[in-house]
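Sequential numbering from 76 applies to the sequence shown in my numbering. Shown next, in structure tokens, is the structure this report addresses.
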Amino acid sequence: MTIFDGRKALWQWEFSQQAEKDIAAAATTARDLAGATVLLVKAMDGMDWMAAFDPTGYGSLAQLQADAQRAADFGVTLVPWVVPHGTDPASEAAFHAELGSRLMVDVEPYPSFWTGPTENLPVYLRALRDRGVTELHISIDPRGHAVSAIGGLSSFAAIVTGIHPQVYWTDFLAPPLSVLPMIRALGGQAPVYPVFPGAGAAQDMADVWSLAQAAGCLGVSVWRLGSMDSAGLAGFKELTMVDQPSPDLTLEQRLTDLEATVHVLLDAINRLNDVLVKRFDGVRAALDPANPPA
76 MTIFDGRKAL WQWEFSQQAE KDIAAAATTA RDLAGATVLL VKAMDGMDWM
126 AAFDPTGYGS LAQLQADAQR AADFGVTLVP WVVPHGTDPA SEAAFHAELG
176 SRLMVDVEPY PSFWTGPTEN LPVYLRALRD RGVTELHISI DPRGHAVSAI
226 GGLSSFAAIV TGIHPQVYWT DFLAPPLSVL PMIRALGGQA PVYPVFPGAG
276 AAQDMADVWS LAQAAGCLGV SVWRLGSMDS AGLAGFKELT MVDQPSPDLT
326 LEQRLTDLEA TVHVLLDAIN RLNDVLVKRF DGVRAALDPA NPPA
């Protein structure tokens, strides 16, 4: 069991970038508007406290711990998250492990994120474990090229407690159900908890979550507080939890997944067909003697 099992979580980046300027307001929005009982708050970037980037961000462990207690008063569990850079994994792990026994690390192979060599990732994660992080979660870009760029699934899956793929279909400019294969590809070695885009439509979130639960996901989160409107928060709140599914999917669940996959493929085929028709029409017009090209 992890803190995310059977629960919804809301991510927070910077207090200065949202209407909720303190932890009491953030916890209230998470609980009442998003139906989330876990609030992920960014504590550090590399070895710097967030106060270096956000004037209202965390600047000390004492401040973070005080906010964790305050959030608990509102029935919300605060979980710190950090962005490791990977160039000095041992030192980063020493700083980040001080945040507590439960930690989320955001590992993405992009500038200002993980820029160290791939071999440093398991070094960093194991150092966190050695320093007392007992519930260690990792959030990643689940697309194939991004997973490969941090060393592949084998570089972290066996070390972490849970994997949180950022299935941002709105950013990917892809059909919502196209993220299901990404979620499934991560399963087997650690629990998977998808991170939904705050800009996702309520029905899209409901559809993806239904199939994600059928695939074995027990919790879900959304990015982020400060970028979601009231409709987005309400749509996330409407997501419901079901009992843990059997590891062996029922025939009905398998057919549902197959139907979703076929839907994604047909959508891609239709878009490709539209492109080909336009190109064919262009070539035909260019070759028509009655309509010579300009």
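The beta carbon of each residue, even a glycine, is placed where N, CA and C say it ideally should be. This structure is a prediction, so every number in the text was calculated from the model and none was measured.
| query | result |
| --- | --- |
| Rounded to a whole number of angstroms, what is the C-alpha to C-alpha distance between L139 and R354? | 58 Å |
| Just checking my contact of L91 with T131 at CB under 8 Å: how many whole Å lie between their CB atoms? | The question names Leu, yet the displayed sequence has Ser at residue 91. Yes, S91 and T131 are in contact; Cβ-Cβ is about 5 Å, under 8 Å. |
| Any idea if Q241 is buried or exposed, counting beta-carbon neighbours within 10 angstroms, 16 or more meaning buried? | buried |
| Which term fits E194, buried or exposed, when burial requires 16 or more other beta carbons within 10 angstroms of its beta carbon? | exposed |
| Looking only at its own chain, which residues have a Cβ that is under 8 Å from the Cβ of R201, when we skip the five neighbours before and after it? | I234 |
| Mind listing, in chain order, the continuous alpha helix (DSSP H) runs of no fewer than 4 residues lying wholly within the region 216-301? | 219-224, 244-247, 255-261 and 277-289 |
| Measuring CA to CA, which of G150, P155 and D120 is closest to A137? | P155 |
| From the DSSP secondary-structure annotation, give me the bridge partner or partners of L115. | W86 and V154 |
| Would D282 and L252 qualify as a contact pair, given that the criterion is a beta-carbon distance under 8 Å? | yes |
| If you count every other CB in all the chains shown that lies within 10 Å of the CB of E313, and 16 or more means buried, which is it? | exposed |
| Would V267 and C292 qualify as a contact pair, given that the criterion is a beta-carbon distance under 8 Å? | yes |
| Closest to I344 by C-alpha separation, out of A169, L300, D123 and P250, would be which residue? | P250 |
| State the beta-bridge partners of R177 as determined by DSSP. | E210 |
| Assuming G161 and L196 make a contact with CB atoms under 8 Å, what is their CB distance in whole Å? | 7 Å |
| Quick check on this structure: which residue in K83, V180, A118 and A147 has the alpha carbon closest to the alpha carbon of Y430? | Outside the displayed range of the chain (76 to 369) lies residue 430, so it cannot be described from this structure. |
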